[in-house]
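In what follows, a structure is listed as structure tokens, so that the remarks can point back to it.
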Amino acid sequence: MSGKMFQEMPSNEIGPIAMPPHKPIRALLLDDSNFDRERIRRMSSKTELGVHLDEVGSIEELDTAVRRASYDLIMIDYRLPVGDGMKALSHILDDPLNRDAGKIMITGDAAVDTAVQAMRGGCHDFLTKESMNTDILREAMLNAMTVARQRIQMQMQTEHQRDIIRQGLIAALNDTEIQGNVVSMIRQQLAQTPGNQPRPMPGLDVSEIDALLAGFADEDEFVFH
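Numbered by this note's numbering, the letters in the sequence shown go through residues 51 to 275 in order.
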């Protein structure tokens with residue numbers, strides 16, 4: 051079963067991102083089975099994607115590999131002698147070099163709950179060993195790397211939009227009239243706080259709070275973090 055049914059649909063603003071035709075793919079495979087690693091290695095070499103495949107057999111070896119190199123793609127066997135694929139995935143997501151790599155979860159069965167768990171946890175595609183062949187593996191590799199790049203682009207767009215909003219608020223609050231309105235609203239809210247409610251600024255009496263707000267009104271600039 052290919053992970054195609056779980057593929058993330060691109061937004062209207064971000065079109066499909068084609069993989070560079072001649073760029074070698076640096077990939078990492080985590081699987082404790084020598085037989086399965088050999089099988090996936092053979093299929094990877096037949097995808098015609100120029101896959102350079104590193105292999106590890108445990109989460110401990112995975113940790114060493116991701117600290118040493120940056121990968122375009124990481125394939126994770128779900129069933130491991132120590133830990134499982136989800137634990138391995140969490141280690142990858144904690145690694146600054148490889149958290150944005152394309153990630154494929156591979157398992158020996160077609161359990162839908164495992165696939166959903168993997169996709170929600172941060173994987174970009176899901177494969178079963180019994181149905182895997184060269185074409186299915188190639189499609190999953192391209193899909194995982196494409197979706198990973200789309201997510202990076204969307205994160206950058208979101209951060210850019212937040213920065214625009216932040217700058218707009220700073221510019222607005224630098225306006226003297228708006229500053230006065232904001233301070234007036236805060237004073238009004240403080241004045242309406244019932245006596246049995248927790249004080250909004252413990253340790254300060256009413257006159258001190260009013261002096262603090264007056265200081266805000268006198269400031270030339272509001273700063274957002």
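Where is the CB? At the ideal position from N, CA and C, for every residue including glycine. Note that the structure is a prediction, hence the values are computed from the model and not measured.
Extent of the continuous alpha helix (DSSP H) to which residue i belongs
| i | result |
| --- | --- |
| L80 | Per DSSP, L80 belongs to no alpha helix (DSSP H); it is in the beta strand (DSSP E), 75 to 80. |
| D86 | 84 to 95 |
Range covered by the beta strand (DSSP E) that runs through residue i
| i | result |
| --- | --- |
| L112 | Looking at the DSSP string, L112 is not in any beta strand (DSSP E); the run it does join, the alpha helix (DSSP H), is 109 to 118. |
| E105 | 101 to 106 |
| L123 | 123 to 127 |
7 Å CB neighbourhood of residue i in its chain, flanking five on each side removed
| i | result |
| --- | --- |
| P71 | Residue confidence for P71 is low, a pLDDT of 48 falling below 50, so the modelled location carries little weight; the figure read from the coordinates is stated next. Taken in chain order, the list of residues that qualify is empty. |
| G171 | M136, L139 |
| H141 | I109, L112, D113 |
| E98 | none |
Residues of its chain near residue i, where Cβ-Cβ distance is below 8 Å and the 5 sequence neighbours each way are ignored
| i | result |
| --- | --- |
| I154 | G53, L123, I124, M125, I126, C173, H174, D175, F176, L177, A190, M191, A194 |
| G100 | H72, K73, P74, I75 |
Close-in-space but distant-in-sequence residues of the same chain around residue i (CB under 6 Å, 5 per side omitted)
| i | result |
| --- | --- |
| E76 | With the sequence shown as reference, residue 76 is identified as Arg, and Glu is not the correct amino acid for it. Correct list, in chain order: H102, Y121, D122. |
| D145 | V116 |
| A168 | M155, F176 |
| M93 | T184, L187 |
| E105 | L79, R87 |
Residue i: CB within 7 Å of a non-hydrogen atom of the ligand MN
| i | result |
| --- | --- |
| L99 | Judged by which ligands are present, the structure shown has none, so any question about the ligand MN falls away. |
Cβ neighbour criterion (16 or more within 10 Å) applied to residue i
| i | result |
| --- | --- |
| Q239 | exposed |
| G152 | buried |
| N148 | buried |
| Q200 | buried |
| V81 | A small correction: the amino acid at residue 81 is Asp; Val does not occupy that position in the sequence shown. By the 10 Å Cβ count, D81 comes out buried. |
Which full runs of the alpha helix (DSSP H) of 4+ residues lie inside the stretch 140 to 211, going along the chain?
Within the stretch 140 to 211, the complete alpha helix (DSSP H) runs of at least 4 residues are 162 to 171.
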